[in-house]
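These notes are about the structure you will find just below.
In the working numbering, the protein residues as written are 18 to 404.
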């Protein structure tokens, strides 16, 4: 004879659970910028190790976990009560004879054996139910250890790539005088540095395949920005006669302005070409070091590589030497390019909305189709630029 066990759950509870799940799913698929996650929930997420998880998905997982815990308690309690009832029945009832002489004793013996089998089965099932949270906790710890190992390996790769940003190679330097002998020296290993920059971008793209990694993207943006700024101190921007002439003309009093020929005479360079066309030709022939250009280009692609908005990244290229750089179609929104030397740079189709271009020198640069809505252009110089 088999019995049916019914767990009394009213229809109201089922409706409430369905509404909670539906609300969590709707919240999970709303645009993330419209979801205002409470700070308490953020702290709770951090404590559980789900810092980067979307708020809606976290709430859905939390509700599912609570429902699973309640179900586990109900099942464990039901099994425990069943075992307690069987033990009480076995203790309170006499043990039937093992050599039955009639049908009644035969049935009593079989019932007693069946109760023993029931108790063994319930004990086994209860052990499995009790071991379930322990197993899940072990899996959680194993997952944390795996994640920690992945973080350590990733940080090691970043550190190794960053170390190559100051790589140098040994070369043989020929003496200036015939009497001297060649000697060994050091120079920047441009190829190795370019490889390191590309490797950093590849690591970020690999990292962001599952979900955006804002801390790593910000870290690389700061690292590459510092790299370009420091190299700009070593490699000073070039200048042209046109700039020197304009400086002398600006310094002259208004009541006695200087002509271009007079300014050239003061500089001791009379007869040389200081026209705007000559400056544009000079700007068109400027070239930047390939590793510096590559670093800036990666900065302009970090938003797409990390699946983040470029406005969230700290791109700081103030006072950098970007003369002749090829920066077309890069995303430099809200970047700090104040007082940057960008003569002859190719900035066509560049996204520079909201960027700080105050004091930037873009004479002879290609700015065709560049987007600079909301950019700070106070003091920017764009003589001879292609607009």
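Virtual Cβ for every residue (Gly too), placed ideally from N, Cα, C. These numbers were taken from a predicted model, which means no experiment stands behind them.
Measure how close the beta-carbons of residue i and residue j come, nearest whole angstrom, since I'm counting them as under 8 Å.
i	j	result
residue 212	residue 167	About 23 Å; that fails the 8 Å criterion.
residue 383	residue 363	5 Å
residue 333	residue 231	17 Å between Cβ atoms; not a contact.
residue 200	residue 188	The Cβ separation is near 10 Å, so there is no contact.
residue 305	residue 352	That pair is no contact at about 17 Å.
residue 396	residue 365	Not a contact, Cβ separation roughly 23 Å.
Would you mind working out which of the options sits nearest residue i, comparing C-alpha positions?
i	options	result
residue 300	378, 202 and 170	378
residue 97	109, 134, 144 and 79	144
residue 284	260, 302 and 307	260
residue 262	251, 252, 275 and 312	275
residue 116	107, 110, 127 and 135	127
residue 336	352, 346, 345 and 358	358
residue 90	78, 148 and 121	148
residue 295	381, 387 and 206	381
residue 346	387, 248 and 281	387
residue 33	73, 84 and 286	84
residue 240	282, 176 and 77	176
residue 205	242, 264, 251 and 81	251
residue 398	158, 151 and 355	355
residue 370	226, 403 and 394	394
Buried or exposed: where does residue i fall if 16 or more other Cβ atoms within 10 Å of its Cβ makes it buried?
i	result
residue 331	exposed
residue 202	exposed
residue 123	exposed
residue 368	buried
residue 257	buried
residue 327	buried
residue 349	buried
residue 446	No information on residue 446 is available, as it lies outside the stretch 18 to 404 that the chain covers here.
residue 315	buried
residue 271	exposed
residue 53	Note that residue 53 has pLDDT 49, beneath the 50 cutoff, so the model's placement of it is unreliable and the number below is only indicative. Result: exposed.
residue 120	exposed
residue 311	buried
residue 249	buried
residue 391	exposed
residue 302	exposed
Let me know the secondary structure DSSP gives residue i once reduced to three states.
i	result
residue 230	coil
residue 115	coil
residue 336	coil
residue 255	coil
residue 187	strand
residue 54	Only weak support exists for where residue 54 lies, its pLDDT of 48 falling under 50; the value from the coordinates is given anyway. Coil.
residue 202	strand
residue 358	strand
residue 278	helix
residue 210	helix
residue 326	coil
residue 263	helix
residue 368	strand
residue 193	coil
residue 304	coil
residue 391	coil
residue 313	helix
Can residue i be considered in contact with the ligand NAP, in the sense that its beta carbon sits closer than 8 Å to one or more heavy atoms?
i	result
residue 155	The ligand NAP is not among the ligands present in this structure, which contains no ligands whatsoever.
| query | Can we say the stretch 279–299 touches the stretch 314–331, given the rule of at least three CB pairs closer than 8 Å? | reply | no
| message | Closer than 8 Å is the cut-off here; do at least three beta carbon pairs connect the stretch 172–186 with the stretch 213–228? | response | yes
| At a cut of 8 Å, does the stretch 128–141 reach the stretch 101–115 through at least three beta carbon pairs? | The way I'd put it, the stretch 128–141 does touch the stretch 101–115; three or more beta-carbon pairs between them come closer than 8 Å.
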